[in-house]
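**Q** Before anything else, here's the structure in question.
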Amino acid sequence: MLIYNSSPYLPFYLLIKIHFLSSMGLLKLKFPFQKRVCLAQGLWLLSWVAVFSGAITFAMGVFLKTELHRRSEVMHNMDIHIVPNLLMAVGLASVGINICAGKVCQDSMDPSRFPRWKTFLPPFFCMSVFLASLLLVAMILSYVLQPSLEESLKIGLKNGIRFYKDTDTPGRCFQKETIDRLQTEFQCCGNTNFRDWFEVQWISNRYLDFTSKEVKDRVRSNVDGRYLLDGVPFSCCNPASPRPCIQYSLLDNSAHYNYEYQSEELNLHNRGCRQALVNYYMGLMNTIGPGVLSVFLLPMTVLVSLRYLQTSMEGVMGQENLEIETEGYILEKGVKETLLETKEKVMKIFEFAQVGDAAATTPGADPA
């Protein structure tokens with residue numbers, strides 16, 4: 001009973017103890033039989049918690065992907081989608097990896113079944129570290145790609161406003177609905193501000209009376225023959241304003257009673273949609289970031305503990321007495337020695353590859 005109650009805390013105890021042993025460069029610990037059992041039990045429980053955290057990571061990626069896809073019509077490029085794609089991929093992989101870790105913990109209680117994992121664990125550790133590092137990459141990219149997101153929204157919203165009137169054009173017929181819903185939901189107007197609507201013709205020609213003198217004058221006064229006016233769509237109106245919404249003649253003080261456009265709030269949403277969307281998505285990133293960091297720490301705890309379990313169990317293999325004390329470690333040698341050995345192995349692989357290529361390209365001797 002004592003073993004079971006203390007087991008969930010052993011992996012965290014190991015991480016604390018590693019901090020004090022890291023200066024030695026070996027990270028070695030002694031594992032009596034009871035301690036190995038505690039480690040296996042605690043790690044089994046922790047691995048299933050990590051499975052749940054992997055599912056949460058996948059869910060965060062799906063949510064972010066969905067929110068970005070909803071506004072894809074006002075985005076010029078999809079560079080920012082790499083962040084939710086990484087979260088979904090790593091989340092799914094984390095679920096599978098931690099299920100395998102739980103199976104290893106179960107088999108470690110039986111020395112006859114544990115040896116089959118011996119060749120599997122080294123690549124398992126490498127892949128797990130790589131996937132965990134991708135979580136940090138995703139978190140860093142969520143902040144690094146903010147300028148790219150802002151530029152994408154700037155161009156996308158500019159095009160969305162320009163194509164607002166094209167309700168009869170295939171591929172653009174839903175642009176008006178998208179922009180109106182966006183401005184209403186995020187309480188914004190235009191790309192940068194409401195004046196962006198003054199620069200485009202946002203009313204379709206099919207709704208303009210070209211026999212009217214006012215329409216003719218506005219079209220003729222513009223070099224491109226567009227119908228421009230100092231007005232905005234209804235979705236720019238602020239429902240919280242006590243005054244009925246003023247949509248047209250926004251820059252003409254005489255067109256409305258008791259109205260000065262320079263001091264009036266115009267009954268419109270003050271901020272542009274680009275800034276509103278950037279704030280929304282960066283708010284999501286800032287919320288997801290700490291969650292990703294906590295998810296990163298949990299798998300790393302599982303990996304460190306699993307490494308100790310692996311190396312301590314290897315000391316039992318081939319022994320008659322299964323309850324002997326064994327030694328577990330992260331690195332069999334010091335950090336410097338391990339790096340030098342790894343460098344030598346890599347150099348030998350490259351030298352072997354170069355020799356093989358040279359032998360393959362050397363022409364054989366012609367027969368006499």
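Residue numbers for the sequence shown follow full-length UniProt numbering, so the first one is 1 and each next one is one higher.
Every residue gets a Cβ at the ideal spot worked out from N, C-alpha and C, and that includes glycine.
1) Given that a residue counts as buried once 16 or more other Cβ atoms are within 10 Å of its Cβ, and exposed if not, what is Asn98?
2) Straight-line CA distance for Ser128 to Phe63?
3) Beta strand (DSSP E) containing Thr326: first to last residue?
4) Grab me the residues of Val278's own chain with a C-beta within less than 8 Å of its C-beta, minus the 5 sequence neighbours each way, in chain order.
5) Between Ala138 and Val302, which are expected to be in contact by the criterion C-beta below 8 Å, what is the C-beta distance as a whole number of angstroms?
6) If you draw a straight line from the alpha carbon of Met347 to that of Asp107, how long is it in whole angstroms?
7) Look up Cys237 in the DSSP assignment and say whether it is helix, strand or coil.
8) Relative to the ligand COA, is the shortest distance from any of its heavy atoms to the C-beta of Val278 smaller than 7 Å?
9) Is it true that the CB of Ile179 sits closer than 8 Å to the CB of Ile203?
10) Less than 7 Å between C-beta atoms, sequence neighbours within five positions excluded: which residues of the same chain meet that for Leu340?
11) Name the DSSP bridge partner or partners of Lys30?
12) Beta-carbon within less than 8 Å of Pro244's beta-carbon, same chain only, minus the 5 sequence neighbours each way: which residues are those?
13) The alpha helix (DSSP H) with Gln146 in it runs from where to where?
14) In terms of residues, what are the limits of the alpha helix (DSSP H) holding Gly291?
15) Tell me whether Leu87 sits in a helix, a strand or coil according to DSSP, three-state version.
16) For the alpha helix (DSSP H) containing Ser221, name the first residue and the last one.
17) Pull up the distance between the alpha-carbon of Leu68 and that of Gly171, whole angstroms please.
18) For Leu228, which of helix, strand or coil comes out of DSSP?
19) Does Leu340 come out as helix, strand or coil in the three-state DSSP assignment?
20) Are the Cβ atoms of Leu298 and Val95 separated by less than 8 Å?
21) Report the rounded CA-to-CA distance for Phe114 versus Tyr308, giving the unit in angstroms.
22) In whole angstroms, give me the CA-to-CA distance for Leu45 and Val51.
23) Comparing alpha-carbon positions, which option in Leu141, Gly272, Ser72, Gln34 lies nearest Thr184?
24) Take Gln41 as the anchor and find which of Leu306, Leu331, Glu337, Phe125 has the nearest alpha-carbon.
25) Would you mind sorting Thr211 into buried or exposed? The rule is 16 or more other CB atoms within 10 Å of its CB.
26) What residue range does the alpha helix (DSSP H) around Gln183 cover?
27) Since I believe Phe194 is in contact with Cys126 (beta carbons under 8 Å), could you give me their beta-carbon distance rounded to a whole number of angstroms?
**A** The answer reads as follows:
1) buried
2) 24 Å
3) Counting along the chain, Thr326 sits inside the beta strand (DSSP E) bounded by residues 326-329.
4) Gln146, Leu149, Glu150, Leu153
5) Not quite, the Cβ-Cβ distance comes to about 19 Å (not below 8 Å), so this is no contact.
6) Roughly 36 Å between the two C-alpha positions.
7) strand
8) Only the bare structure without any ligand can be found here, which leaves the ligand COA out of the picture.
9) no
10) none
11) Glu327
12) Asn267
13) 146-162
14) 273-314
15) helix
16) 213-221
17) Using only the alpha carbons, I get a separation of about 19 Å.
18) coil
19) helix
20) no
21) Between Phe114 and Tyr308, the C-alpha separation is close to 14 Å.
22) 10 Å
23) Gly272
24) Leu306
25) Taking all protein chains shown into account, Thr211 has fewer than 16 neighbouring C-beta atoms within 10 Å of its C-beta and is therefore exposed.
26) 175-185
27) That pair is no contact at about 55 Å.
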